[in-house]
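Chains as they are written, first to last, in the working numbering: chain A, 1 to 205; chain B, 1001 to 1205. Beneath this line is the structure, given in structure tokens, with notes to follow.
2 protein chains.
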Amino acid sequence: MPKLVDHAQRRAALARAVWAVIDREGIEGATVRRVADEAGVSVGGLRHYFDSQRGLVLFAAQEVASAVTARLTAHLEADLPGPERAQRLLEELLPLDAERRVEVDVWLACLMRSRVDGTLAEVRRTAWSGERHVCRLAVAHRCGVAPPGAIGDELQDPLLERRAGRLHVFVDGLTLQAAAFRDRLPPRAVRALLEAELDAVADPV
Amino acid sequence: MPKLVDHAQRRAALARAVWAVIDREGIEGATVRRVADEAGVSVGGLRHYFDSQRGLVLFAAQEVASAVTARLTAHLEADLPGPERAQRLLEELLPLDAERRVEVDVWLACLMRSRVDGTLAEVRRTAWSGERHVCRLAVAHRCGVAPPGAIGDELQDPLLERRAGRLHVFVDGLTLQAAAFRDRLPPRAVRALLEAELDAVADPV
DNA sequence: TCTTATTCAGCACAGTTGTACTGTAATAGA
DNA sequence: TCTATTACAGTACAACTGTGCTGAATAAGA
């Protein structure tokens, strides 16, 4: 046998190449040839790990979810006061630096494509549930109430559950605007808007 | 000379064909051939009105802005109580029926592409300013203060100006979620969320 | 050392793409 | 009636696309 490559790690690296190409040329530029060039392999080599281009893009989208989830769990394991933890959690979803900007760009591109590409529709649904869960966690930590246990569990207080829904919409708007109108919404402004929104979440009990 | 066709009207009809194709197959499906098929002309016939595919897509995006603007001015000329006018104005930006859903899908697709297609970058900027203006108008009409005169003019009350910015983010989030997660956010829920947000805009003066 | 499964590179191929080009039918103005 | 111009259809072509295939280099296990 040859070098005996770590299959999962190799696929992850190729997914990062997809991110780089999408970041540079948009999702329409994410062709097998350009991704292969970006990763420094041939089309045949790429095809050894992904049997179709759709599978490649799908995996790249799933890797975005994985990367975000990893950072979120790290924040949840860290010892932080509730309000600050709420802010940090939601900031992980926003394009506040180069890394998260790429993730958001890839994610939004795949989100749009999921309308006509069925293979992406499933990851879109799970991402919505996951993001809603993060919003509920943020509301719970901001207000000092018990966080929901599993994904899909609503907050006990109906008012706070409603506010989590509103927060979800707001965070998505912040994501879209910060990604599409980068010049109008620099990271500082994004953080300030998010902070104000979290204050409003906890305002009158 | 032949039939002596109305050039502008013909271009508008072809732009609608672009909408239909993007709605059905996404922006990647908006090739000259498929648009020509949709419009019932040949590629040569299409090229007689648009000398490039990018120009075709650009015009289709501009036509979205035109359609929305036309409806907005109609609402502004109608005689309605302030709060209801505010709601109606913002509802024109949201995918609440089939027509507006197509517009939003086309717009979001072009917005994403504008990151890598310079010809779309300009229309993106003007759209942001226009949408911000609509949000300021909505806040002004909801709160009974003087609406801004020209696009770009801020609200006199800094608090209300800040709330217009927040409303802008929220409306974009609502647009994105309603378009991408149609099953989770039916039109009724979208309207309710918007109404609650407008109530919050006018809540404590 | 030999075998054999793994990791890739490279090419082939059919289909699609944007754009340029030619030809043709049609009609307004002379 | 003649002519020049407009509105298309159709074709051509080079570039690019995803995918299938072949084959070579590699190194772990016999």
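Every residue gets a Cβ at the ideal spot worked out from N, C-alpha and C, and that includes glycine.
Query: Residue 72 of chain A versus residue 1048 of chain B: straight-line alpha-carbon distance, rounded; Result: 53 Å
Query: Cβ of residue 1157 of chain B within 8 Å of any chain A Cβ; Result: no
Query: Neighbour flag for residue 139 of chain A against chain B, beta carbons, 8 Å; Result: no
Query: Members of the stretch 99-110 of chain A that neighbour chain B once the beta carbon cut-off is set at 9 Å; Result: 105, 108, 109
Query: Under 8 Å between C-beta atoms of residue 1106 of chain B and residue 1060 of chain B; Result: yes
Query: Closest Cα partner of residue 1137 of chain B within the set B/1086, B/1191, B/1126, B/1159; Result: B/1086
Query: Within 8 Å, strictly: CB atoms of residue 90 of chain A and residue 134 of chain A; Result: yes
Query: Burial state of residue 43 of chain A (16 or more Cβ within 10 Å); Result: exposed
Query: Residue 1140 of chain B, buried or exposed, once every other Cβ within 10 Å from all chains shown has been counted against 16; Result: buried
Query: Interface residues of chain A facing residue 1172 of chain B [CB-CB closer than 7 Å]; Result: 173, 176, 177
Query: Delimiting residues of the alpha helix (DSSP H) encompassing residue 1086 of chain B; Result: 1082-1091
Query: Per-residue contacts from residue 124 of chain A into chain B (C-beta, under 9 Å); Result: 1180, 1181
Query: Alpha carbon of residue 183 of chain A to alpha carbon of residue 5 of chain A, nearest angstrom; Result: 42 Å
Query: Beta-carbon proximity list for residue 38 of chain A, same chain, < 7 Å, skipping 5 on both sides; Result: 17, 20, 21
Query: For residue 1015 of chain B and residue 1024 of chain B, the rounded distance between their alpha carbons; Result: 14 Å
Query: CB contact below 8 Å: residue 1169 of chain B versus chain A; Result: yes
Query: Limits of the unbroken alpha helix (DSSP H) element including residue 1133 of chain B; Result: 1118-1143
Query: Length of the line joining the Cα atoms of residue 97 of chain A and residue 1040 of chain B; Result: 47 Å
Query: Proximity to residue 193 of chain A [Cα-Cα], best of B/1188, B/1170, B/1195; Result: B/1170
Query: Beta-carbon spacing of residue 1065 of chain B, residue 1127 of chain B below 8 Å; Result: yes
Query: Contacting residues, own chain, Cβ-Cβ under 6 Å from residue 34 of chain A (five flanking each side not counted); Result: 21
Query: Short CB-CB distance (under 8 Å) between residue 35 of chain A and chain B; Result: no
Query: is_contact[residue 5 of chain A, chain B] using C-beta, thresh 8 Å; Result: no
Query: Straight-line Cα distance separating residue 178 of chain A from residue 1168 of chain B; Result: 12 Å
Query: Residues of its chain near residue 147 of chain A, where Cβ-Cβ distance is below 6 Å and the 5 sequence neighbours each way are ignored; Result: 137, 140
Query: Chain A contact residues for residue 1040 of chain B, given Cβ-Cβ distances below 9 Å; Result: Residues of chain A passing the Cβ test: none, with the nearest at roughly 22 Å.
Query: Of the residues A/84, A/45, A/100, the one placed nearest residue 208 of chain A, counting alpha carbons only; Result: What is shown of chain A runs 1 to 205, which leaves residue 208 of chain A out entirely.
Query: Extent of the continuous alpha helix (DSSP H) run through residue 105 of chain A; Result: 98-113
Query: CB contact below 8 Å: residue 91 of chain A versus chain B; Result: no
Query: Bounding residues of the alpha helix (DSSP H) (the contiguous stretch that carries residue 1062 of chain B); Result: 1053-1077
Query: Residue 1103 of chain B burial status per 10 Å Cβ neighbour count (16 or more: buried); Result: buried
Query: Buried versus exposed call for residue 1159 of chain B [16 or more other C-beta atoms within 10 Å across all chains shown]; Result: exposed
Query: Interface partners of residue 28 of chain A on chain B, CB under 7 Å; Result: 1028
Query: Among B/1172, B/1032, B/1142, B/1055, nearest to residue 1045 of chain B - alpha-carbon criterion; Result: B/1032
Query: Rounded C-alpha distance that separates residue 125 of chain A from residue 163 of chain A; Result: 21 Å
Query: Distance between residue 1129 of chain B and residue 1122 of chain B (C-alpha atoms, nearest Å); Result: 11 Å
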